[in-house]
Structures are given as C-alpha cells and as structure tokens.
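Undergrad: Residue numbers for the sequence shown follow UniProt numbering, beginning at 1 and rising by one.
Beta carbons are placed, not taken as given, at the ideal position from N, Cα and C, and that holds for glycine.
This structure is a prediction, so every number in the text was calculated from the model and none was measured.
Attaching a single structure in structure tokens format; questions to follow.
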Amino acid sequence: MRGSTVVEGVSTEKDKVKSDGNELRGRGYVSTVAAMSWPTAICELTILFFFYFLGLLICFMPKCALRRWARRVQRYLVVWLYDIRPPAYSSVRFSNVRAPIKGTSFELDGILVLPGEGDKFPFILIRTPYGKETLINDARIYAERGYGVLIQDSRGRFGSTGEFFPLENEREDAAAAIDWLVHDCEYYDGEGIGVHGLSYNGMCAYSSLSNPLGRQHVKCIVPGISACELYPVIFGHDGNQWSFELVCRWLWLVIGKGDTKPLPGKPMPLRKRVERVGVLLQFFFMREAPPFKRAYWSLPLENVDRLLLNGQPLEVYQKAIRDTDVDGEFWKHRNVLCDLRTDTPLGGIHFVGGWYDFFLRQMLKDYTKAKASGRGDVRLTVGKFAHWQLFKYVPLYTRTVMDFYDHYFAARGRKASDRDQAYPVTLEIIQSREDLVSYLHLSDWPPRDTDPMNLVMTSNGRLVDEKAATHQEEGVVRYHYDPRAPTPAVGGTSFNAKNCGEKLQEDFERERLANGDLVV
C-alpha cells in the first residue's frame with residue numbers, strides 16, 4: 001500500500017498519524033511499530049524452533065531434575081514468545097476421559113489438563129480430528145494460567161470410536177462433549193466454557209454453538225483461520241469454483257496418511273516413524289510432490305480419491321463431487337455448522353484470520369452475520385499471513401485467545417480498555433515498507449462510509465474503477481491458455497505450504513509474459 005492510507009474517509013497522511021495512539025477523528029486509529037531486523041527475526045525464529053523442539057524432547061525425558069528444568073525454560077519461553085501473562089501454577093495434572101455420545105454406542109476419547117492445585121475451574125474445550133496429543137502443549141499453557149482444558153478426538157479419529165466423516169457428526173459430538181463437561185466433569189465450576197480452534201478445529205468450535213446446551217454454557221469462542229460454512233470455501237461463493245488443490249492435499253495428509261488408530265500402550269514402529277517424516281517432507285517442503293502431481297492430472301475426477309488413498313474410494317469425496325448444489329441432499333445438512341445470526345454467544349466471539357488465508361472471505365461474512373445479530377461482543381483480527389505460516393500467527397492467536405478468555409472469566413486477567421471496546425476490529429496493513437508494521441483499529445468492518453468498487457482491466461495494462469473507465473481504455477488484450485500447461489499461481493491463498501502467502505511476482509511475470517499466457 002503506497003502513499004497515504006485512507007481510513008473511513010480520513011487520510012492518515014493528512015492527519016500525520018505516525019505512532020501508536022493517533023486518533024482518526026473518532027473513527028479509528030493507526031498503531032505503528034518498527035519491524036524486526038533480519039538478525040532479530042532469525043534469532044526469534046531460532047528460539048521458536050527451540051521451544052517446539054524442547055516440548056518434543058520433554059515428552060521422551062524420564063521424570064528427573066533435567067525434565068523439570070526443561071519445563072521451567074519452556075514456561076519462560078511461552079511468556080516471551082507469546083507475550084502473555086506468567087503462569088499462576090507451576091504444574092498441571094493429566095487424566096484420560098471418555099464422553100459417551102447419547103443414542104449411540106460410540107465414545108469420544110479426551111484428555112483433561114488441569115492446574116496442579118484446586119478442584120473447580122472454568123473450562124476450555126478443544127476438539128480435533130488431528131490427534132489430541134498434538135494439543136497437549138497448547139492445553140498446558142491455559143492450564144498453567146487457571147483453566148481446566150478438555151482436548152478431545154473427533155469421532156472415528158485416534159482414540160474415539162465410530163467412523164470419521166468430515167463435518168457429518170461434529171455438531172452432535174460437540175453437544176456430547178459439552179453435556180459431559182456440564183453434568184459429569186467434577187472439575188467444572190459452572191462459570192462458563194471457552195471454545196477455540198484453528199482451521200478444522202475452528203469448525204469444531206463453531207459446532208459447539210449448534211445446540212441449546214452449548215449456547216447456554218459457551219461464554220466465548222475464538223475461531224482462527226476457519227469458517228462457519230464450508231461449501232463457499234470448497235466451491236466458491238457462486239458455486240462455480242472447485243478448490244481442487246485444497247481437497248487433494250487435505251485428503252492425502254489427513255485421511256490417507258494420518259495414523260488414526262495407534263496400538264494402545266505400544267510405541268510407534270521405526271518404519272512408521274520414517275514414513276511419517278517422509279510424509280511431512282513431501283507435504284511441507286516439496287512444491288509438488290508425486291502424489292499430488294498424479295492427482296492433479298487424473299481424469300475422471302471420481303478416481304482421484306483412489307489415487308490419494310491407496311486405491312480406496314472415500315464416501316465423503318464421492319458424494320461431494322456428485323452433489324455440488326449448496327441446497328442439495330449432501331450439503332444442506334453439512335454446510336452450516338451454526339447460525340451466527342442466532343447462535344452467537346452472549347459473551348463474545350473473536351474471529352482471527354489472515355489476508356492470504358483461503359478461509360478469510362467466508363470468515364468476514366461470518367463476522368458480518370455475528371455483528372448483525374446484536375448478541376455479545378464481536379471482534380475481528382486479520383494479520384498478514386497465510387494458512388501454513390504458523391510461526392507468523394500462532395503467537396498472535398494464542399495471545400488473542402488468552403486475552404479474550406481472561407476478559408470473560410471472572411477477573412483472571414486484564415480488562416479490555418475503552419479503546420479496545422470502541423475499536424474491536426484490528427487489521428494489519430499490507431504495505432511496501434519493510435521497516436514498519438502498521439495496524440488499523442476500526443469500529444466495524446467494512447469501514448463506515450465506504451462504497452464497493454468494481455475494478456476492470458483496460459487495454460493499457462491498468463486496473464481502473466468501472467465507472468471511471470473511458471472509451472480510449474477499451475480494447476482487447478489476448479493471451480494464450482493451455483489447460484495441459486496451465487498458468488501457475490505464485491503465492492496467495494494456496495493450501496500448498498511452499499506456495500502460499502506474500503510472494504514476489506517479478507520473475508514469474510517476466511517468464512510468463514514471454515510465453516504469452518499472462519496479462520499484466
């Protein structure tokens with residue numbers, strides 16, 4: 001973003017807003033901080049890697065003085081990296097629990113993570129299809145600060161019985177988890193439940209609002225890089241798009257390569273460990289791994305799931321590609337996880353998204369619905385990151401979740417300032433300067449007194465307002481498109497960890513312009 005920045009009709013350049021706290025005539029304000037230098041950024045990234053490596057190492061350490069020292073170092077790193085309050089408890093307790101799903105023979109497997117002392121706590125619920133053990137370190141952060149935490153496997157995943165069918169049973173299972181917390185968990189203090197989660201875990205969080213018991217006991221919710229409706233994410237808001245890359249990569253990683261039923265009490269075989277390392281290398285460090293290349297070029301589409309899942313067809317995929325109508329039999333009962341116009345918690349909901357995340361467009365619509373409901377405190381934070389840029393958003397998200405819970409659970413932390421209450425929308429500005437990081441703090445989104453603008457391409461290589469386009473700028477620009485060698489996309493909202501987020505376009509544009517299949 002070059003030149004002046006206009007915020008709700010007010011130019012920040014005119015008002016000389018250069019530092020934190022400058023008001024924009026009562027409509028918002030801009031906060032600006034110096035960006036990290038490269039040495040500082042590399043140092044922090046190294047420490048962050050060390051933090052996660054330390055957490056992994058602790059899992060394999062025997063109980064001894066070294067393990068206690070490592071845990072103490074990890075606690076200090078959490079406070080420094082995430083900028084959250086220090087822990088109130090020096091230890092936590094763990095216990096395995098199972099919650100029955102009423103009307104079925106299935107049970108949901110979970111782990112209770114509790115502060116080291118005390119017997120009654122407000123609770124946090126985190127549900128996931130990716131394995132509850134992956135969330136133990138996160139749960140520890142909240143337990144050390146006075147919260148009870150239940151982390152739970154989705155139906156049919158890892159320790160939970162039943163069959164996993166994406167989104168099919170999340171609302172019913174969320175109701176079962178909340179019912180167990182409210183009626184069977186002796187540690188729940190009745191003060192309320194906080195729910196949060198990233199990506200699919202965020203969809204599990206939304207599901208907790210779909211039942212009367214959830215709406216009664218869920219006090220606040222913080223969905224991150226997620227959405228309340230899945231259909232627009234897969235097929236676009238007009239129903240005419242197909243996020244094929246997202247579908248292929250998610251199915252391969254989660255359904256095809258996820259070890260959902262490990263043998264109880266037995267360590268993972270060495271062969272499986274090596275295979276898992278190979279899976280991670282292919283998914284996160286290769287631009288296009290062989291499994292995806294085969295899937296992308298395979299026809300008919302009905303055979304793609306077999307290529308990705310070792311020859312086995314997947315029912316959810318087969319039904320989804322055959323019934324692509326949002327009101328069709330397949331999607332009408334699976335698309336919407338809760339109705340934010342009526343199900344928004346009376347406490348609060350804080351949406352956290354990224355400018356380069358494929359969930360963002362739907363998340364902004366979810367925010368608008370929740371805001372229009374007039375229920376509770378509705379907030380929005382959008383940063384400059386993509387779906388797989390975890391090191392950019394995990395500290396921000398953890399800090400946001402902690403602050404939101406602390407605000408809503410009985411004086412356990414800071415109270416929101418008057419400014420926070422007045423300007424609940426925080427947006428990181430995408431700009432060209434690398435030495436500054438700036439945020440807009442607004443009263444609402446979209447900003448008041450703004451009008452949508454349709455941009456059209458012109459024959460002289462510019463984008464202009466459709467209303468302002470002149471006849472001289474009309475014309476035809478031709479380019480060549482070959483579906484057997486499609487023009488690639490560089491950066492943006494891709495589900496490919498090697499091709500998402502902010503990317504320089506110069507080299508790509510120079511190469512493709514020479515090929516004649518790109519218009520700039």
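Rounded to the nearest angstrom, how far is the Cβ of residue 123 from that of residue 188, given a contact under 8 Å?
TA: Confirmed, about 5 Å.
Undergrad: Is it true that the CB of residue 108 sits closer than 8 Å to the CB of residue 175?
TA: No, Cβ-Cβ distance for residue 175 and residue 108 is not below 8 Å.
Undergrad: Using the DSSP secondary-structure output, state which residues sit across from residue 31 in a beta bridge.
TA: Answer is 439, bridged to residue 31.
Undergrad: Who are the near neighbours of residue 516 in its chain, counting only those whose CB is closer than 7 Å to its CB and skipping five residues on each side?
TA: Cβ neighbours of residue 516 beyond the five flanking positions: 479, 480.
Undergrad: Hey, out of 254, 353, 345, 374, whose CA is closest to residue 408's CA?
TA: Comparing Cα-Cα distances from residue 408 to each of 254, 353, 345, 374, the minimum goes to 345.
Undergrad: Anyone know if the C-beta pair for residue 518 and residue 509 falls short of 8 Å?
TA: For residue 518 and residue 509, yes; Cβs fall inside 8 Å.
Undergrad: Can you tell me whether residue 414 is buried or exposed, with buried defined as 16 or more other CB within 10 angstroms of its CB?
TA: Bear in mind that a pLDDT of 47 at residue 414, under 50, signals an unreliable position, so the model cannot answer this.
Undergrad: I'd like to know if the region 484-502 and the region 349-369 are in contact, where contact means that at least 3 CB-CB pairs between them fall below 8 Å.
TA: Short answer: they touch.
Undergrad: Please state the DSSP three-state secondary structure of residue 329.
TA: If DSSP states are grouped into helix, strand and coil, residue 329 belongs with coil.
Undergrad: I'd like the list of long-range same chain contacts for residue 534, defined as Cβ closer than 6 Å, with 5 residues on each side in sequence excluded.
TA: Residue 534 is absent from the model: the chain starts at 1 and stops at 520.
Undergrad: Thinking C-alpha only, which one of 327, 286, 272 is nearest residue 238?
TA: Nearest of 327, 286, 272 to residue 238, Cα basis: 327.
Undergrad: Thinking C-alpha only, which one of 402, 83, 210 is nearest residue 196?
TA: Taking only the C-alpha atoms, the option nearest residue 196 is 402.
Undergrad: Let me know the beta strand (DSSP E) ranges lying completely inside the region 59-133, each 3 residues or longer, listed in chain order.
TA: Counting whole runs of 3 or more residues, the region 59-133 contains the beta strand (DSSP E) stretches 92-100, 107-115, 121-128.
Undergrad: Grab the span of the alpha helix (DSSP H) containing residue 339 for me, first residue to last.
TA: Neither: residue 339 is in no alpha helix (DSSP H) and is coded neither H nor E.
Undergrad: Considering only residues of the same chain and omitting the five flanking positions on each side of residue 165, which have a CB-CB separation below 6 Å?
TA: Once the five neighbours on either side are set aside, the close Cβ partners of residue 165 are 316.
Undergrad: Is residue 498 near residue 287, with beta carbons less than 8 Å apart?
TA: Cβ atoms of residue 498 and residue 287: closer than 8 Å.
Undergrad: Counting along the chain, where does the beta strand (DSSP E) carrying residue 351 start and finish?
TA: From DSSP, the beta strand (DSSP E) with residue 351 extends over 348-356.
Undergrad: Keeping to the same chain, check which residues put their C-beta closer than 8 Å to that of residue 457; ignore five residues upstream and five downstream.
TA: Result list for residue 457: 463, 477, 519, in chain order.
Undergrad: Are the region 92-111 and the region 73-83 touching, with three or more C-beta to C-beta distances below 8 Å?
TA: Cβ pair count under 8 Å is below three, so no.
Undergrad: Inspect the beta-carbon positions of residue 222 and residue 352 and report whether they are closer than 8 Å.
TA: Their beta carbons are under 8 Å apart, which means residue 222 touches residue 352 by this criterion.
Undergrad: For residue 374, does the three-state DSSP call read helix, strand or coil?
TA: Coil at residue 374, not helix or strand.
Undergrad: Could you work out which residue in 182, 134, 128 is closest to residue 157 when comparing CA atoms only?
TA: Considering only alpha carbons, the answer is 128.
Undergrad: With a CB to CB cut of under 7 Å and the five nearest residues on each side skipped, what residues in its chain are close to residue 92?
TA: These residues qualify, in order along the chain: 113, 114, 115, 116, 140, 143, 144.
Undergrad: Applying the criterion that 16 or more other CB atoms from any shown protein chain within 10 Å of the CB defines a buried residue, is residue 274 buried or exposed?
TA: Exposed is the call here.
Undergrad: Residue 313: buried (16+ other C-beta within 10 angstroms of its C-beta) or exposed?
TA: Exposed, since its Cβ has fewer than 16 Cβ neighbours within 10 Å.
Undergrad: Given that a residue counts as buried once 16 or more other Cβ atoms are within 10 Å of its Cβ, and exposed if not, what is residue 219?
TA: Residue 219 is buried by the Cβ-count criterion.
Undergrad: Could you tell me the distance, in whole angstroms, from the CA atom of residue 106 to the CA atom of residue 339?
TA: Distance between the alpha carbons of residue 106 and residue 339 is about 27 Å.
Undergrad: Between the beta-carbon of residue 308 and the beta-carbon of residue 256, is there less than 8 Å?
TA: Result yes, Cβ atoms of residue 308 and residue 256 sit closer than 8 Å.
Undergrad: Roughly how many angstroms lie between the CA atoms of residue 163 and residue 441, to the nearest whole one?
TA: Taking the straight line from one Cα to the other gives about 44 Å.
Undergrad: Roughly how many whole angstroms lie between the Cα atoms of residue 179 and residue 168?
TA: Their Cα atoms are separated by approximately 19 Å.
Undergrad: If residue 236 sits next to residue 198, beta carbons under 8 Å apart, how far is it from one beta carbon to the other, in whole angstroms?
TA: In fact, because the Cβ distance is near 23 Å, the residues do not count as touching under 8 Å.
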